[in-house]
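Colleague: Residue numbers (the numbering used here): 10 to 120.
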Amino acid sequence: SGTSSEQWATLLRGLGSSASVEQAVSFALERPDFAEEMLAATVFHLMDRKADSRVRILAVVDGICTRAAAAPAAAETGETSCESGRPAFIKALCSYLPRMLEALLDSGAAR
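1. In terms of residue numbering, what span does the alpha helix (DSSP H) encompassing ARG22 cover?
2. Using 7 Å as the cut-off, classify the Cβ of SER27 as near or not near the heavy atoms of the ligand ADP, replying yes or no.
3. Three-state secondary structure (DSSP) at PRO107?
4. Starting from the Cα of ARG98, find the closest Cα among MET56, GLY25, HIS54, ALA80 and give me that residue.
5. Between which two residues does the alpha helix (DSSP H) containing PHE43 stretch?
6. Tell me whether ALA79 sits in a helix, a strand or coil according to DSSP, three-state version.
7. According to DSSP, is ARG58 part of a helix, a strand, or is it coil?
8. Check whether the Cβ atoms of LEU55 and ILE73 sit closer than 8 Å, and answer yes or no.
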């Protein structure tokens with residue numbers, strides 16, 4: 010049924026309900042080895058989508074952060090920095106945030 014990257018792209022294109030957002034969050038957190046790839050695709054989709062779609066993509070990122078912050082490893086340390094015991098997706102997100110912001114600003118200016 011396709012690679013993780015293809016499945017992630019399909020999930021991002023299909024966001025339209027809270028159930029699909031939750032499905033994307035679960036998919037991402039279950040595949041920490043693909044965090045960098047998924048975030049690169051997320052940046053691409055942020056640049057390539059209308060405002061309502063970008064909001065849903067950001068809801069996925071927010072859901073990932075919320076669930077990761079509640080993970081036992083994060084809760085035990087009480088740390089909030091990117092270098093703490095966070096899941097791979099959160100660590101990768103720290104480096105991708107500037108690119109995501111740039112994608113949002115560029116796509117907003119182009120519309």
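Don't be surprised by glycine CBs; every beta carbon is placed ideally from N, CA and C. From a predicted model like this one, the values you see are computed outputs, not experimental measurements.
Modeller: Taking the geometry as given:
1. 13-22
2. For the structure depicted, the ligand ADP is absent and the ligand set is empty, with no information on it obtainable.
3. helix
4. Per the sequence presented here, residue 98 reads as Phe, with Arg not at that position. Measuring from the Cα of PHE98, the nearest candidate turns out to be ALA80.
5. From DSSP, PHE43 is part of no alpha helix (DSSP H); its letter is neither H nor E.
6. coil
7. coil
8. no
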